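**Student:** So the sequences go chain by chain: X and R.
Residues 19 to 351 in the numbering used here are what the first sequence lists, from first letter to last.
Residues 479 to 1231 in the numbering used here are what the second sequence lists, from first letter to last.
In this text, a Cβ means the ideal position worked out from N, Cα and C, and glycines have one as well.
All values reported here derive from a predicted model rather than from experimental measurement.
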Amino acid sequence: MKKLLSGKMPLKAFCLLIVFSPLLSSGCRDENFDPKGDIKEKYILNCILRSDTTVQTATLSESYNVQGYDPMENRTDPAVEHADIRVWVGDSVYVFKEAEMPRSDTSRYSTRIKYYYAENFRPQADKPAEILAVLPNGRKLHASTTTPLEVQTDYAETDSLVPVQGRDYIYAAWISYSSPTTYFYPRFSLVYFKIVNGLPVRFSKFIPARYTFSGGKEVPVYPLPATGVKYSIDMDALRRTMQDISAGDPDKSKYVILAIVADVMALDMNLSGFYSSGKLLSDGFSVKVDETDFTNIEGGLGIFGAYVNHELAIRIDKKYIRSFGYKTTLVDE
Amino acid sequence: MAHINLPGFLFIFFLILSCILLPPHSAETFAQSGTNLRGLVTDSTSGEALTYASVTIKEISTGAYSDSKGYFLITSVPAGRPLTVVVSYMGYYPKKMTVSLEKGKMKHLDIKMIPTSVFLPTVEKVEKRFVEENATDISLQRLTIKELELMPKGVETDIFRSLQYLPGVRSTGDVSARYYIRGGASNQNLVMINGATIYNPFHAFGLFSIVDPEMVNNIEFYKGGFTSEYGGRLSSVMNIFTKDGNKNNYSAKAGISYLSAKALVEGPIPDGSFIITGRKSYSSDIYGKFLNGKNIPLDFYDLSFKINYSNPEFVEGSKITVQGLLSSDRLLNHDPMKADLKWANSIFGFRWFQLSDSPLFFEMGVSFSNFLGEIIPNLSTSRPERNEVSDLNMKIDCSYVYDSKDELGAGLNITRLNTKLFLENSSGLITDIGSFGNNFSVYAKYKFLRFRNLGIDLGTRINLTGLSSNGGGYFNEPRISFTYRFIPQIALKGAWGIFQQEITTLSDESEVISLFEPWVIIPEYLDPARAKHFILGIETNFTEYLSLETEGYYKKMENLPAINERKIFDSDPDLVSGWGEAYGFECMLKYKFLDFYFMGSYSLGWAYKNVNNWLYYPKYDSRHSVNLTLEYDMGRNWQASIVWVYNSGLPFTKITGYYDKLEAEDYFSQMNLLTPYLPFLLLGDKNLGRLPDYHRMDVSLSKKFSIAFANFYLDLSVVNVYNRKNIFYFERDTGRRVNMLPFLPTATLKLEI
């Protein structure tokens, strides 16, 4: 020891330490790690009441586990069948029936989509609603909400005919007396007919808010739900959409343009919360390891919410329509 | 507004006033019966102040250490007989001189130390260092740049990373130089450069600090229990003192590493000196090693300068400095679908240090610190964010040393802070959640140092006005620290204090990598955060070369602002209040033997946080931590070091299953509920799991050599020698494990002319 700590020995000892430390430590280079704890059984109920249809749907599923850590590995449809689902709106009760439909994307689940539905059920604005799902194993999931207030067009602020001279955008606004936290989700669509085999077929195409360049390509940008009551799109986006509907078709006279339809959804408080908590605001560099989740389902997860929608039409100047070679009416001009 | 304690305020006010108004030539006023010896210890080649140099008067076995500016003061020195003053300092030849003092007249010595050409403290073997037996310095680490240079360089020499080798200092990974002290969050650490606050002292997501080590002279680092001259933070204080610049010759240095190129120029000016350093990144390839192979188009620079002026004909005994630190980081994607980011600091300061014929030190400083951080979302899903911090500060500090060696210190601090944080709310409107405030605080302290084996620092800091509008008025922060040396080898040390913090960052604790952390004054709906520290320790000096420091601590934190994870609507508060608690034990063993230096430290700690009535371990809670450092001076300007770091696993939240969640991305196509859902995690109780233990070994080899008129410094380092796969985080959506730095050899070359 004494020799080791004197003269040239310390240098040798130091060098040996450096040389052999990787070997000494080779056994602890890696360590198995399982980020999973005890797996919990949870049930998920989703039901969004829509004012734009008389058929309301609900889905019921259960949580699952996978062998590894990639949840996409799960190939067993987690849908829960044979549950009793009822919705109360005011004095009325609606009992949901079970149904199935083909699945368009079978890359993960090959079975048909299982869901629940109720017919002749169009929720009215500003009504309390309640849902109760009783599972085959006796577990209960419960939630309540209030449908949002009606939305009305703010005619003073909304364009009635476009293009507006001297402006390169189209503008729509609406009025709602809902809570200031209510989210509105606007979207403009171009509604048109195409003459197919001599008969007019109605089509609709979403108009993006604008186009932008990304990675050398022009990509459309669509709006996101927000609490604001105004919305605008670029005239250029309308022009591009007008061109796109007949892209590759030399016969433009087969197209009849009707109008722009501005559709606004007003989300109730639960849907608003569900939306705002689910916004994945990624800057591409921050790494977040825990995610927040929103649910208003007592006894489980998921969402019970409602929305009302409101449509308003914005006319398009006939000269503008004709400049694309399209017709302005189904009747011969 | 809270009731103002008028008698306390008046006491401190008159204390400060008396120190300020004390004329420099009124030594007689204090009727010094003994004689005082004051001096300045500098490097003979550059004139740079040497801090913590040992100054001993042999005949009376007393002495002092030079302070962070290089000054020392020894009181009650017998006059009328020759005395031998011995000065020693790591890396310099010891200096002996004979002085004779006249009774009642202060003697000033300018001591110029001649550097040895070797790196390690050979002087330690020659001269016995003075031991300040009653220094009230528990939890205080003083580091000179010489000591920092000995530590492994890694990818880039960094002072913050070097601090992580100290017990009680934790990081959450190789990626970030952000540090956590004794269970406190990173935003509870005050970082200052020559007394001016740095709000975001990091480049590149926290990979490196913005302070170029070439600029640093020394660092004072309190891990807790800091004395009353410091305030505004709950956990720690780091004050970085920069170099003055070469007072004798012009010189230049240039260096290049994997990441950046840098240059330094320094030299004399009439009655003073200047130093200027600049650093610029030139490659972003290395970021991929830190950030999971991502290509990050990040570019940064920093620029620091300091100018000193000291002319006896202008004001005798004065030293005036002007400093600046500018830093900028830009992450520009050149893609409208991706967000761009930028953040920048600009700090300017002016300081006036004044000596007098009496043992009075006076210093006044004015500084302006500005931080700007911005996220420009373009067309990505990021929200726009802009944080502006503007801090105008004035400080006055004065201290008086009595014949008995007792010291009286007092000062005032005025801070005018404006924080703006512009965020986009859900209606697309930009709102500012920042605010504006003034802090006017005064402090006073009395250090009982009259007994050789007992030192007590008793003080208080009184906030007369606060930054935050809720409860930010009058608040008293009493502090006490003591040292009692039973026998020359063993001292009992302790500290207690109350601390207040009125600003916070909007930090998301679940982010393992974050861009920058925006600062805001604690909003009016929350009370200022407060903490109490209790620290007790034993310092044992077995021999002159072998010492062991042990400390136990308990820290209780109240009103801790935390991100409101339940915030859903704009009307919900951004922050909620919680509390925290931390306690633990640390020890550090230092041993110097021949050309070896060994430092080993161990810390055992517990940290808890309670937010929304949920008690959990914060992400930086690590139970055990071990750091072992061995340095060896191989001679002929070769230097080698080896460091092994071990930390027990950090907390994380366990996965308890998965479910298919309705995505809230496109309601127009998803409202029928029948479109494909995406898998979502079911998480267990927050942070109840533990990641595997972290350990890593780094080695480094340094060589200084000369070619013609130029000196070269070559540093070769290997990070993670045995390629330990330390887990950084677990990608929840893919199940992929992301590890920290792998085996990584690096090299740095520095040229000095």
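Just the chain R side, please: which residues come within less than 8 Å of residue 82 of chain X by C-beta, in chain order?
**Tutor:** In chain order: 1135, 1136, 1137.
**Student:** Identify the continuous alpha helix (DSSP H) that holds residue 257 of chain X and give its terminal residues.
**Tutor:** Element bounds for residue 257 of chain X: 253 to 262.
**Student:** Does DSSP classify residue 115 of chain X as helix, strand or coil?
**Tutor:** If DSSP states are grouped into helix, strand and coil, residue 115 of chain X belongs with the strands.
**Student:** Closer than 8 Å is the cut-off here; do at least three beta carbon pairs connect the stretch 85 to 95 of chain X with the stretch 147 to 167 of chain X?
**Tutor:** Short answer: they don't touch.
**Student:** In the DSSP output, which residue or residues are listed as bridge partners for residue 123 of chain X?
**Tutor:** Beta-bridge pairing links residue 123 of chain X to no other residue.
**Student:** Three Cβ pairs or more, each shorter than 8 Å: is that satisfied between the stretch 320 to 334 of chain X and the stretch 65 to 74 of chain X?
**Tutor:** Touching, yes, given that three or more Cβ pairs across the two stretches are closer than 8 Å.
**Student:** Within a Cβ cutoff of 6 Å, which residues of the same chain sit near residue 146 of chain X, ignoring the five residues on either side of it in sequence?
**Tutor:** Around residue 146 of chain X: 164.
**Student:** Give the single residue among R/1109, R/1166, R/1129 whose Cα lies nearest to the Cα of residue 1120 of chain R.
**Tutor:** When only C-alpha atoms are compared, the closest one is R/1109.
**Student:** Can the beta-carbon of residue 742 of chain R be found less than 9 Å from the beta-carbon of residue 697 of chain R?
**Tutor:** Cβ atoms of residue 742 of chain R and residue 697 of chain R: not closer than 9 Å.
**Student:** Kindly indicate which three-state DSSP category residue 641 of chain R falls into: helix, strand or coil?
**Tutor:** Note: residue 641 of chain R maps to helix in three-state DSSP.
**Student:** Are the CB atoms of residue 868 of chain R and residue 999 of chain R within a distance shorter than 9 Å?
**Tutor:** No, the Cβ-Cβ distance between residue 999 of chain R and residue 868 of chain R is not below 9 Å.
**Student:** Compare the C-beta of residue 87 of chain X with all C-beta atoms of chain R and state if any pair is closer than 9 Å.
**Tutor:** Chain R, which has a Cβ nearer than 9 Å to the Cβ of residue 87 of chain X, makes this yes.
**Student:** Apply the 10 Å Cβ neighbour rule to residue 1017 of chain R and answer buried if 16 or more other Cβ atoms are within range, or exposed otherwise.
**Tutor:** That one is buried.
**Student:** Do the stretch 1039 to 1054 of chain R and the stretch 702 to 710 of chain R meet, that is, are 3 or more Cβ pairs less than 8 Å apart?
**Tutor:** With the cut-off at 8 Å, the stretch 1039 to 1054 of chain R and the stretch 702 to 710 of chain R do not touch.
**Student:** Could you tell me whether the Cβ of residue 814 of chain R comes closer than 9 Å to any Cβ of chain X?
**Tutor:** Closer than 9 Å to some Cβ of chain X, the Cβ of residue 814 of chain R qualifies, so yes.
**Student:** Of all the residues that make up the stretch 1192 to 1207 of chain R, which are near chain X by a beta-carbon distance shorter than 7 Å?
**Tutor:** Those residues of the stretch 1192 to 1207 of chain R that come within reach of chain X (Cβ to Cβ, closer than 7 Å) are 1199, 1200, 1201, 1202, 1203, 1205, 1207.
**Student:** From which residue to which residue does the beta strand (DSSP E) around residue 210 of chain X run?
**Tutor:** 202 to 214 is the extent of the beta strand (DSSP E) around residue 210 of chain X.
**Student:** Should residue 59 of chain X be flagged as near chain R, meaning a C-beta pair shorter than 9 Å?
**Tutor:** By this cut-off, residue 59 of chain X is an interface position.
**Student:** Strictly below 8 Å CB to CB, what residues from chain R border residue 275 of chain X?
**Tutor:** What residue 275 of chain X touches in chain R: nothing, since even the nearest Cβ is about 21 Å away.
**Student:** Which residues share a DSSP beta bridge with residue 76 of chain X?
**Tutor:** Residue 76 of chain X pairs with X/65, X/134.
**Student:** Are any of the Cβ atoms in chain R nearer than 9 Å to that of residue 237 of chain X?
**Tutor:** Chain R, which has a Cβ nearer than 9 Å to the Cβ of residue 237 of chain X, makes this yes.
**Student:** Alpha carbon to alpha carbon, how far is residue 509 of chain R from residue 879 of chain R?
**Tutor:** Residue confidence for residue 509 of chain R is low, a pLDDT of 40 falling below 50, so the modelled location carries little weight and cannot support an answer.
**Student:** Report yes or no: is there a C-beta of chain R within less than 9 Å of the C-beta of residue 49 of chain X?
**Tutor:** Output row for residue 49 of chain X: interface = yes.
**Student:** Quick one: give me the first and last residue of the alpha helix (DSSP H) that residue 223 of chain X is part of.
**Tutor:** Careful: residue 223 of chain X lies outside any alpha helix (DSSP H), inside the beta strand (DSSP E) at 217 to 225.
**Student:** List the residues of chain X that residue 1157 of chain R touches, going by C-beta distances under 8 Å, in chain order.
**Tutor:** Result: 89, 90, 92.
**Student:** So that I know if they touch, is there some Cβ in chain X lying closer than 9 Å to that of residue 1223 of chain R?
**Tutor:** Answer no: the Cβ-Cβ gap between residue 1223 of chain R and chain X never drops below 9 Å.
**Student:** Could you tell me the alpha carbon to alpha carbon distance between residue 872 of chain R and residue 1015 of chain R, rounded to whole angstroms?
**Tutor:** Rounded to the nearest angstrom, the two C-alpha atoms are 34 Å apart.
**Student:** Going by C-alpha to C-alpha distance, which of R/755, R/672, R/739, R/751 sits closest to residue 716 of chain R?
**Tutor:** Closest by alpha carbon: R/672.
**Student:** At least one CB of chain R closer than 9 Å to the CB of residue 159 of chain X: is that the case?
**Tutor:** No - not a single Cβ of chain R is within 9 Å of the one on residue 159 of chain X.
**Student:** So what's residue 57 of chain X in DSSP terms, helix, strand or just coil?
**Tutor:** Residue 57 of chain X: coil per DSSP, three-state reduction.
**Student:** Given a cut-off of 9 Å, decide if residue 917 of chain R and residue 945 of chain R are closer than it, judged by their beta-carbon atoms.
**Tutor:** Cβ distance < 9 Å, so residue 945 of chain R and residue 917 of chain R count as in contact.
**Student:** Using a Cβ distance threshold of 8 Å, determine whether the stretch 521 to 535 of chain R contacts the stretch 722 to 738 of chain R, with at least three qualifying pairs required.
**Tutor:** Enough Cβ pairs lie closer than 8 Å, so yes.
**Student:** Where does the unbroken alpha helix (DSSP H) through residue 336 of chain X begin, and where does it stop?
**Tutor:** Looking at the DSSP string, the run of the alpha helix (DSSP H) that includes residue 336 of chain X is 336 to 340.
**Student:** If we ignore side chains and look at the alpha-carbon of each, how far apart do residue 882 of chain R and residue 888 of chain R end up?
**Tutor:** Taking the straight line from one Cα to the other gives about 18 Å.
**Student:** Could you pull out every unbroken beta strand (DSSP E) segment of at least 3 residues lying fully inside the stretch 1180 to 1231 of chain R, listed in chain order?
**Tutor:** Runs of the beta strand (DSSP E) inside the stretch 1180 to 1231 of chain R: 1188 to 1197, 1205 to 1208, 1215 to 1217, 1222 to 1230.
**Student:** For residue 319 of chain X, write down the residues that DSSP places opposite it in a beta bridge.
**Tutor:** Bridge partners of residue 319 of chain X: X/62.
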